[in-house]
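Asks: Here my numbering = 1-based position in the sequence shown + 741. The structure's right below; bear with me while I get my questions together.
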Amino acid sequence: MFEIRQIRQDDASVVRVLDASIQGDDHSATWNTYVERLLSIIELDWLQYPPWGCFVAEDESGLVGFLLSERQTTAYGLPPGA
Numbered sequence: 742m743f744e745i746r747q748i749r750q751d752d753a754s755v756v757r758v759l760d761a762s763i764q765g766d767d768h769s770a771t772w773n774t775y776v777e778r779l780l781s782i783i784e785l786d787w788l789q790y791p792p793w794g795c796f797v798a799e800d801e802s803g804l805v806g807f808l809l810s811e812r813q814t815t816a817y818g819l820p821p822g823a
């Protein structure tokens, strides 16, 4: 059974490992930029809340997936529609 929850600061390193395992056409330079910028924002100590729409899935073994779907990406320096 999976638990879905909002991403936290301490999840960033595991999400980077999961992201590195994506292969093929789903892994691009644009995707890498998007993920890294959002994770860098999530890691900020002063950030009161993580970006809206960023979630992780975990089971008894730990984090097994992630979803980054931020609507306010332009406020974080990302292009519209990222």
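Here a beta-carbon is modelled for each residue, glycine too, at the ideal position from N, C-alpha and C.
If you count every other CB in all the chains shown that lies within 10 Å of the CB of Ile783, and 16 or more means buried, which is it?
Replies: Flag for Ile783 reads buried.
Asks: Span of the beta strand (DSSP E) holding Leu804?
Replies: Segment 803 to 809, the beta strand (DSSP E) holding Leu804.
Asks: Please determine, among Leu804, Trp772, Ser769, Glu744, the residue with the shortest C-alpha to C-alpha distance to Asp751.
Replies: The shortest C-alpha separation from Asp751 is found at Leu804.
Asks: So, are the CB atoms of Val756 and Leu780 less than 8 Å apart?
Replies: Cβ atoms of Val756 and Leu780: closer than 8 Å.
Asks: Does DSSP put Ile828 in a helix, in a strand, or in coil?
Replies: No information on residue 828 is available, as it lies outside the stretch 742 to 823 that the chain covers here.
Asks: Since Ala798 and Ile745 should fall inside the 8 Å C-beta cutoff, what is the C-beta to C-beta distance between them, to a whole number of angstroms?
Replies: Right, their Cβ atoms sit about 5 Å apart.
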